[in-house]
Structure formats: structure tokens, C-alpha cells
Amino acid sequence: MKNIGDTLKKLREENGMTRKEAADKLKSLGIDISDKTLYGYESGRNSANADMFLSLCKIYKCNNIMETFSDTVEDILFTNNEWEMIEKYRGLDFHGKEMVDFTLLKEWERSKEFSKKTDDIKVEPTELSAEIVSMRIINYYYRVASAGTGQIIFDMPPTKRIEIPNTPEYRKVDYAIGVNGTSMEPLYHDGDMLLVEMRDDIEVGEIGIFRINGESFVKKRGETELISLNPDAKNIPLNESAGCMGKVIGKLPDD
Numbered sequence: 001m002k003n004i005g006d007t008l009k010k011l012r013e014e015n016g017m018t019r020k021e022a023a024d025k026l027k028s029l030g031i032d033i034s035d036k037t038l039y040g041y042e043s044g045r046n047s048a049n050a051d052m053f054l055s056l057c058k059i060y061k062c063n064n065i066m067e068t069f070s071d072t073v074e075d076i077l078f079t080n081n082e083w084e085m086i087e088k089y090r091g092l093d094f095h096g097k098e099m100v101d102f103t104l105l106k107e108w109e110r111s112k113e114f115s116k117k118t119d120d121i122k123v124e125p126t127e128l129s130a131e132i133v134s135m136r137i138i139n140y141y142y143r144v145a146s147a148g149t150g151q152i153i154f155d156m157p158p159t160k161r162i163e164i165p166n167t168p169e170y171r172k173v174d175y176a177i178g179v180n181g182t183s184m185e186p187l188y189h190d191g192d193m194l195l196v197e198m199r200d201d202i203e204v205g206e207i208g209i210f211r212i213n214g215e216s217f218v219k220k221r222g223e224t225e226l227i228s229l230n231p232d233a234k235n236i237p238l239n240e241s242a243g244c245m246g247k248v249i250g251k252l253p254d255d
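The opening position of the sequence shown corresponds to residue 1 in the working numbering, with each subsequent residue numbered one higher.
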């Protein structure tokens, strides 16, 4: 498999340029670079940063970056969506770029400050290979899904943000929510952290998060009532106020 340097060299040669001519072309764009530096990029000894990489693609008239570099995708540090965002950004006028820069800076500062204050819960993936597993962040609502008498959930902000493995078994998870009560034992216990796919309805027999009369419950859906798995707990009749807030996919494993 080729690397990015091989492809950059091929593009330069297809445009009939020597490394010196390519360096001179870049200098005309205000980029001070030597032919020796270009050799470093093409040989793989050095890596071009994002701005330099895009500038090289520009002078080599590379209009479809992802297609051109498809056989070296593991070396590219951007996703397809990120490339599209970069292309859109470069098409903005001064005011547009100024607005994007301002918003990006503020959101970056907010996220950085949030990460300092939040004691995120990291979940160890189970039975995963030794390769690196990426993580993603979801909202966690602390003990507001009742497996007992119910609790208010309207307009409640997430307690914190947690990390879960970005693997197929967790792919549909939209948020996590804590269990309060024992009515879903032995399947779910008080304090368990449930993983929920956001849905406005589920099938009869499936377990979900429901809201009735302003209170939230984790129950199995029946035809006319919400069913508790614990035989000592009561079922809850469905009424016009009932609404589904998601399907329970499972729970986070204990540490």
C-alpha cells in the first residue's frame, strides 16, 4: 500500500513539476518552503501539516482529495466529514470565517472547561481485542428512571457526560440513565446504569423508559400497562399521558 508521500510525488510528476518548481509555486502563494522539505514529504521522512497538505493539493490541482488518497486513508488524520467542513470553510468570506472562528474558539473553551469539572465515568470494554478502541461521549442522567414509584424527569439536565466504547454493541446508545428501585429485579437492580436508544415507541414485551403523569419509569411494555419484573412490585396502567422515551438496550457492566 502506498503512503501519502508516494501519492504527492505522483501528483507532482503528473503536473510536470520538479520539486524546485513546486516549491517556487508554493512561494508564489506566500508559503516559504524548500525543495528539500518537499523531498522529506515525498520520502515519508516528514509529514506535512493540514495547511501544507491542502496547499500541495491545490497546486497539483487535486479536486477530490479523498478519492485521490483513498489507498492511503490510514495516514490521513481527517474524516470525510471533516474534509467537507474544511472545503466549506475555505469558501467563506472574511465575515463568515470570523464567525466560525469565534464560535469554534468559544465551544473549544467551553468543552475544555467542562472536561476539567466533570469526573467522567470510563467503561472498560468487555471481550474486545487488544487493538485500540475509540470512545464516544453520551449524557448520563443519575437515578431518574424509577423502577419503583417514579421520579420527575421534565427539563432535567444531564448529571454528567460519560464515555462508552464506540463498538457495534453500543452503536445505537443515545444516553444512559440510572435505575431507582427494585421493581425490575432480577434483571435490573437499584443503581444500575442503563443504556438507552432514543425511541418514541417500542414493541410489546420490550423494556423501555416511559413517562406517565410527569414521572419516569423503566418497565416492560404490555398491551394496557407497564409491567414490573419483580412479582412483589405493581404494574402501572397506561393512560393518555404515557410516552416512551427510549428502548433499553442493556446496562453498563460493573467495574
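A virtual CB, placed ideally from N, CA and C, is assigned to each residue, including glycine.
Item, Value
"Rounded to a whole number of angstroms, what is the C-alpha to C-alpha distance between Ile-249 and Leu-195?", "6 Å"
"Would you check if there are 3 or more beta carbon pairs closer than 8 Å linking the segment 161-171 to the segment 230-246?", "no"
"DSSP three-state call for Ile-31: helix, strand or coil?", "coil"
"Taking 8 Å as the cut-off, does the segment 7-16 touch the segment 49-65 (at least 3 CB pairs, one atom from each stretch)?", "yes"
"Roughly how many angstroms lie between the CA atoms of Leu-252 and Ser-111, to the nearest whole one?", "25 Å"
"Whole angstroms are fine: how far does the CA of His-95 sit from the CA of Thr-182?", "57 Å"
"Is Ser-111 helix, strand or coil when you go by DSSP?", "helix"
"Leaving out the 5 sequence neighbours to the left and right, which residues in its chain are closer than 7 Å to Leu-38 when beta-carbon positions are compared?", "Arg-19, Ala-22 and Ala-23"
"Exposed or buried, which one is Phe-217 when buried takes at least 16 other CB atoms within 10 Å?", "buried"
"State the start and end residues of the unbroken beta strand (DSSP E) segment that holds Leu-195.", "193-197"
"Give every residue of the same chain whose Cβ lies closer than 6 Å to the Cβ of Tyr-142, excluding the five residues on either side of it in the sequence, and list them in chain order.", "Thr-159 and Gly-178"
"Do Tyr-175 and Asn-262 have their beta-carbon atoms positioned less than 7 Å apart in this structure?", "Residue 262 falls outside the range modelled here, since the chain spans only 1 to 255, and no answer is possible."
"Beta-carbon within less than 7 Å of Tyr-241's beta-carbon, same chain only, minus the 5 sequence neighbours each way: which residues are those?", "Per the sequence shown, the amino acid found at residue 241 is Ser instead of Tyr. Same-chain partners within the cutoff: Ile-212 and Asn-213."
"The alpha helix (DSSP H) that contains Ile-4, what's its start and end?", "4-14"
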